[in-house]
Amino acid sequence: MSLRAVHAGTGYQYLLRSVATHDADPQGMALSDYYAAKGTPPGRWIGSGLQGLNSQSVASGATVTEAQMAALYGEGMHPDTDQMMADGHSLSACKLGRSFPIYTGGVDVLEAIAAAEKSFLHTEGRRPTTDERGQIAEGVARPFYTEKFGYEHASGKDVIAWVNRQRDQVRQAVAGFDFTFSPVKSVSVLWALADEKTASQVAALHHQAVAEALAWAEDNAIYTRVGTGGIKQVATGGIIAAEFTHFDTRCGDPDLHSHVLLANKVQGPDGRWLSLDSRAIHQMHQAISARYDAILHDKLTRRMGVEFQAHYPHPDKAPIWEISGIDRRLIEAFSSRRTLARPVYDRLVSEYVEKNNRQPSQRASYALWQKAILDTRDAKKPAQSLAEHRATWRQMAGRVVGSHAVDRVVGEVTGQGPSQVSRELFDAEDHARLVAEQAVEAVTARRAQFRRSHVETAVSTALKGYRFEGPEALDRAHEQVMATAMGELVVQLAPPETLDLPGALTGPDGAGIDRHANAEKYTTQAVLDAETLALEAAHTPVAVIATRADLDRALKAHEDAEGWTLNAGQTALAQHLIGAGTLLAAGVGPAGTGKTASMKVVARTWQHTGRSVIGLAPSAAAASVLADDIGTDCHTIDSLTFTWLGRHPNLPGKSLDALPVTIKPGDMLLVDEAGMASTENLAALTEIAAESGAILRLIGDPKQLAAVETGGLFADLTRTPGTVELREVMRMGADTDQADATLALREGDAGALALYNERGWITGGHREQMLTEAAQAFLADTKAGRQALIIASTNADVDTLNEVIRADRIVHGLVDDAHTTRVARGDTVGVGDTVIARTNSKLYADDRTYLGRVINGQLFTVTGITDDGSLAVRDQSTGQDMLVPASYAGKHIHLGYAATIHRAQGATVDTTHAVIDTSVDRAGLYVAMTRGKRENRAYAVCEPTLDLGAEDAHMHSAGDHQAPTPTQMLAGVLARDTHQASATETLRQEYAAATSDERLAQLYRHGVDLAARDFTAATFPAYIDALPRAYAHQLEADPDQYRTLADAWTEAATRGLDPRDLWQETTENLDTANQPGTVIAHRIRHATRETTDSAALTTPPPVAPGCDTELTTWLAETHRTLTAEPAATAVARAASFTAEDFVASYLDSRSAEHEPGPDNHPTTSSPWGPSPDSSPDLW
1 MSLRAVHAGT GYQYLLRSVA THDADPQGMA LSDYYAAKGT PPGRWIGSGL
51 QGLNSQSVAS GATVTEAQMA ALYGEGMHPD TDQMMADGHS LSACKLGRSF
101 PIYTGGVDVL EAIAAAEKSF LHTEGRRPTT DERGQIAEGV ARPFYTEKFG
151 YEHASGKDVI AWVNRQRDQV RQAVAGFDFT FSPVKSVSVL WALADEKTAS
201 QVAALHHQAV AEALAWAEDN AIYTRVGTGG IKQVATGGII AAEFTHFDTR
251 CGDPDLHSHV LLANKVQGPD GRWLSLDSRA IHQMHQAISA RYDAILHDKL
301 TRRMGVEFQA HYPHPDKAPI WEISGIDRRL IEAFSSRRTL ARPVYDRLVS
351 EYVEKNNRQP SQRASYALWQ KAILDTRDAK KPAQSLAEHR ATWRQMAGRV
401 VGSHAVDRVV GEVTGQGPSQ VSRELFDAED HARLVAEQAV EAVTARRAQF
451 RRSHVETAVS TALKGYRFEG PEALDRAHEQ VMATAMGELV VQLAPPETLD
501 LPGALTGPDG AGIDRHANAE KYTTQAVLDA ETLALEAAHT PVAVIATRAD
551 LDRALKAHED AEGWTLNAGQ TALAQHLIGA GTLLAAGVGP AGTGKTASMK
601 VVARTWQHTG RSVIGLAPSA AAASVLADDI GTDCHTIDSL TFTWLGRHPN
651 LPGKSLDALP VTIKPGDMLL VDEAGMASTE NLAALTEIAA ESGAILRLIG
701 DPKQLAAVET GGLFADLTRT PGTVELREVM RMGADTDQAD ATLALREGDA
751 GALALYNERG WITGGHREQM LTEAAQAFLA DTKAGRQALI IASTNADVDT
801 LNEVIRADRI VHGLVDDAHT TRVARGDTVG VGDTVIARTN SKLYADDRTY
851 LGRVINGQLF TVTGITDDGS LAVRDQSTGQ DMLVPASYAG KHIHLGYAAT
901 IHRAQGATVD TTHAVIDTSV DRAGLYVAMT RGKRENRAYA VCEPTLDLGA
951 EDAHMHSAGD HQAPTPTQML AGVLARDTHQ ASATETLRQE YAAATSDERL
1001 AQLYRHGVDL AARDFTAATF PAYIDALPRA YAHQLEADPD QYRTLADAWT
1051 EAATRGLDPR DLWQETTENL DTANQPGTVI AHRIRHATRE TTDSAALTTP
1101 PPVAPGCDTE LTTWLAETHR TLTAEPAATA VARAASFTAE DFVASYLDSR
1151 SAEHEPGPDN HPTTSSPWGP SPDSSPDLW
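Counting along the sequence shown from 1, when you hit position 1031 you're at 1031 in the UniProt record's numbering, and nothing is skipped either side.
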């Protein structure tokens, strides 16, 4: 399921037009006629929130009309507004809370039209019709059009077209959210190729799955927010939505899917109409999507006998479950046309830039993408009926697999016998815990801390691997698995409520009312144990050190051998690593700061004391480089941890004897690029060091690329007191300006980009242009004898760069293109090409003759090609020749001229050429811009973000923005820090947020508003009664006037003023007032705003009998706290329970829970549990 916002205004017209006409001209036909003849079915209303509209025409299953959508999604009004006003209702009676505002963006013609429409409403007492709005727009805009273009007799069509172009530039309010539910491709293939009865059944089950997923979302993801600043999240009466069914993609491929357009209007518990809490929707988006998938798969299996089979297109991602029996060729054939459109789009963008001398804007890019799609469709036909679509799809399928195979699809897919069923029947006793463990493992494989929504998604995904007996069985299974996962397998990181809050600010669970659904963060005990193990090791003393004298001898030997000395920082790092005296110690080496020199001296120092150094690195290629750098044998981290963790099929876990290297007491495990090591691996290395009597030393940079798996631990370890961080960048030599700029990039300082701009090292343009320019510059550098590196963020861009560079080398006779072979990723290689191995492997000939070993990242030059496609290659580092068999080359060898940013980390060259797009984050840009000793150039892809699945509805009224400048684009990249936080760091962050002054102030302001409203309720009526009877009667008869005065009374109270003190003055001289309440309100507001500062923290509201005394007392105490002098606040904080105290008490509590016995409570004051003389457990 995809999720996109839809904006107010006329976006609804485009949605209906797309649904109705499939981009065809309706030729004057009514929408109902078109639906029946050619288009997709009309939209239907759906959602529990429909009951709140009290409308027979807007009820579940009823047809959605254009007028209804215009009112609801266009203006935020009741869908029946037109009919209601025709029946005599006022406009205010048709409102669902606040109408959507109309934004003009400061455009004069739009402001004038908005004013005219408002005047029409005031004069006529109704909304203008569509025709009237067009007439208003044309009449108002014509003088502006004439002034701008000089044409006095322009056609109305031209004037309106110009107005619409102006409107397109201005983003309007969010009117709703488009949930697009689409099944896996094999389901759409079955639906497209099956007979009509079977296809109808598939479609019906799809709609049932959509409805059930939405019902679940209403209970778990649909909220609104109330209170000061939306501080409190509350449940709603459900969604109001319109469901539209589409049959195909924009490319013409079969794609049964539903657009469910959720209105941005929901009813709160008090009946008020409010906006959706969009944050909750976005957080639960994937969980809703996975839920829909699981429900549909279950229904198809139980009702139609369909079986599903897992496919793994990405080994590091969850499988995709496709229908067993649907030929993979059909799935690929009906999924490929979007890919074919991409190069056409790139060409169109290039032509646009050449013609207009600028990058296309967001809207222009979308138009070019639509053109690219149309240019690659098989035929440019008008909208087709479903029958015509199905005939076309059967013809296409017949060309792929043959007509007989198409005819057999339904029979082979439905009603499959037991022998063809591969999924087990779910049994809670056997499978609930197993699935829970699988789900939690899937979540923690990528993050140390997570939310409930992550587990919900993983559980739904895992349950697709099972079958279920009855219609309620899947729901029961999901509940059972979630209960096991959340109750037994995860631990909460959010602290208990740390503030002593009054009842008015406390939710039913005892936490503050600002605690929202899905806000809690979790981890697992295994992650906590792993982090604790490593963090404690950094403080665990061991009598394994080298002396300063040992280090001085190694430093002298280094100076004699290399001719230069280590700087002060490098020496301090080396001293720390050999003399820390702890089981684990870490050092930080930002890019280019010379950490390798320190490591080399550390290794030499340690070895000269008679002990061994075992070097470790994240990859085989990095281990090979490290071995050369420090002069000792090195291995991958996984080569030790894989066996230690018990994953080796033939060797025992937790056994030093089973490891591939002998580790003796006093040895040093020296890990390079430790920031890329996972939490699990760092913990395993800590165990190995402790078990063997060795020490563990970690070197890396937490600001560079991190572990793909669960990470964040190395960054925590570098916060250990005494950790040395290098600060002098050596790589750039005397170019200290560039060196300083790299450190600024490391911290995300966009100001650092100025230096690169001044030097002309930043270029911007469309993707094809940037790839071409980067490749040309790289080739120029290599021809000039410079060691150059060219990198990109995606494999697709790397492949393009490889092809461009290879083509140039062919032209210059460096590559023989006459005799070639095809290798992995579809690359063609010939003699002279540079290729790279992508998997560690021992190589054997067909007769099992050993050919040698290759490692991931190893670069070769092709020296020959055999008849069977095997490659004769030469290692570019060692010059060693070897033969790579065709079986390996076809899967794991491809062109190696360009590299991804991840593969480039650790490299040092003369010049770097980096193609950067918005998929890169701060760490990636920092790595990319620090590889070169001389120059580091960025080629910024300055294109608007292109949503390939967007439709006209998602673009209309969404505004427009120009392509970013290179500096803007790179600044955006720098602002995106995606490093993981460890579970331990998350504990600190959660505690800091829960006890922050910002949170306390937000709760205080909401408390002030509550107290002010209480004050008004307790005092205001009596003062109205005390007015002269004529005034009092007028106020009581005029609700608007009464409300205005009550609001002014409340506003004064929220500012700390007592409106009772203002009453005598503000009620004088009312004899000539037509609306005395309005006059009094104006006077109170004037006095309030004259005497108070709206930006300052107000004093608590005045107190009256009957008000909440607990809240009143808390407000007074909290105001004193928040307004205390900084010095006093600092003293109070120093004496309070700190984040570090919180983390320690939390971990003690978790440890105590795992140690049986009555006498193991922590002895310090802790919110997690009682010590022998402490308060009750707050956790």
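Built from N, CA and C at the ideal position, the CB exists for glycine as well. Computed from a predicted structure; not experimentally measured.
Asked	Found
Given 8 Å, three or more beta-carbon pairs between the region 727-746 and the region 322-331	no
3-residue-minimum beta strand (DSSP E) runs that sit fully inside the region 874-925, ordered along the chain	881-884, 893-895, 909-916
Same chain only: Cβ atoms within 6 Å of L72, ignoring 5 sequence neighbours per side	P79, A263
heavy atom of the ligand ADP below 7 Å from G615 C-beta	As presented, the structure is devoid of all ligands, the ligand ADP included, so that no description of it is given.
S258 - partner residues in DSSP beta bridges	F181, T245
K654, DSSP secondary structure in three states	coil
Residue ranges of each alpha helix (DSSP H) within the region 583-623, 4 or longer	595-608
Element boundaries [alpha helix (DSSP H), containing Q309]	First-last for Q309: 308-311, but that is the beta strand (DSSP E), not the alpha helix (DSSP H).
Classification of S996 by the beta-carbon crowding that lies within 10 angstroms, buried from 16 upward	exposed
Cβ-Cβ separation, A462 to Q438 (assumed contact under 8 Å), whole Å	5 Å
Beta-carbon separation (whole angstroms), A1139 vs R988, contact threshold 8 Å	4 Å
Cut-off 7 Å between Cβ atoms - residues of its own chain near T723, not counting five sequence neighbours on either side	A586, G587, V588
The region 785-803 / the region 905-921 touching (three or more Cβ pairs under 8 Å)	yes
Those runs of the beta strand (DSSP E) which lie wholly inside the region 992-1060 and span at least 3 residues	none
Exposure label - Q570; buried when at least 16 CB within 10 Å	buried
For A788: DSSP bridge partner residues	T911
A192 burial status per 10 Å Cβ neighbour count (16 or more: buried)	buried
Any 3 or more C-beta pairs closer than 8 Å across the region 932-946 and the region 351-363	yes
The alpha helix (DSSP H) enclosing K371, as first and last residue numbers	362-376
Euclidean distance between Cα positions of G890 and H314	18 Å
Residues bridged to W273 [DSSP beta-bridge criterion]	Q267
Chain-order list of residues whose beta-carbon lies under 8 Å from that of S99 (same chain, five-residue window excluded)	E75, G76, M77
Neighbourhood of N681 by C-beta, 6 Å cutoff - its chain only, sequence neighbours within 5 removed	I637, T641
Proximity below 8 Å, CB of V401 to CB of A194	no
Cut-off 6 Å between Cβ atoms - residues of its own chain near I836, not counting five sequence neighbours on either side	L859, G896
Top-ranked residue by Cα proximity to A62, from D1071, W45, Q68	W45
Sequence-distant residues of its chain with Cβ nearer than 6 Å to A971 (five each side left out)	A750
Residue span of the alpha helix (DSSP H) that contains A572, given as start and end	568-579
Selection from K197, N356, S155 that minimises the alpha carbon distance to G765	N356
CB contact flag (G238, G47, <8 Å)	yes
Contact the region 662-677 vs the region 608-628: 3+ CB pairs below 8 Å	yes
L851 - containing beta strand (DSSP E), residue span	850-854
Three CB pairs or more closer than 8 Å across the region 429-444 and the region 453-462	yes
Opening and closing residue of the beta strand (DSSP E) in which W761 lies	Note, W761: premise wrong, no beta strand (DSSP E); not H, not E.
V202 to P254 span [Cα, whole Å]	13 Å
Residue range of the unbroken alpha helix (DSSP H) whose run includes Q769	767-783
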